[in-house]
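Shown next, in structure tokens, is the structure this report addresses.
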Amino acid sequence: MYDAMLKYYDIGLLKLETNLNIQSNVLPACLWLDDEKSNAKLMITRWNNRKGPSSIMKQAEIIVKDFESCVSFFPPNFVTARNASLLEHQMCILNEMEDATVCMNTL
1 MYDAMLKYYD IGLLKLETNL NIQSNVLPAC LWLDDEKSNA KLMITRWNNR
51 KGPSSIMKQA EIIVKDFESC VSFFPPNFVT ARNASLLEHQ MCILNEMEDA
101 TVCMNTL
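Here's what the structure looks like:
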């Protein structure tokens, strides 16, 4: 299922034999178990940018949107530079501060 060019299904989960100790560099990630995630407010963060590593952590508050709402932000027959389109299994998020969707590495 993973497609490196389109970035579909670009997450991996590991089941460890032993528990990890929570530390500043080892933190849990929460994943939804159901499809109901619309209007949830989340904080996203990242350390690097498109030009390479950075010592400044970037962050943005985002809102999860349903697929129909997300599609309305894009023109009909929208495809990305990688010839990809929006799929219903993808999480759609909105950056309220900029009133635009947050995609890929744009944070």
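Counting from 1, one number per residue, gives the positions in the sequence shown under full-length UniProt numbering. Glycine included, every Cβ here is placed at the ideal spot set by N, Cα and C.
Here's the rule I'm using: 16 or more other beta-carbon atoms within 10 Å means buried, otherwise exposed. How should residue i be labelled?
i	result
Leu94	buried
Ile62	buried
Met1	exposed
Verify whether the separation of the beta carbon atoms of residue i and residue j is less than 8 Å.
i	j	result
Val64	Ala29	no
Phe74	Cys92	no
Val71	Leu87	no
Residue i lies in the beta strand (DSSP E); which residues open and close that run?
i	result
Val64	58-65
Leu42	41-46
Residue i bridges to which residues according to DSSP?
i	result
Gln23	Val26
Lys51	None; Lys51 has no bridge partner.
Tyr8	Asp3
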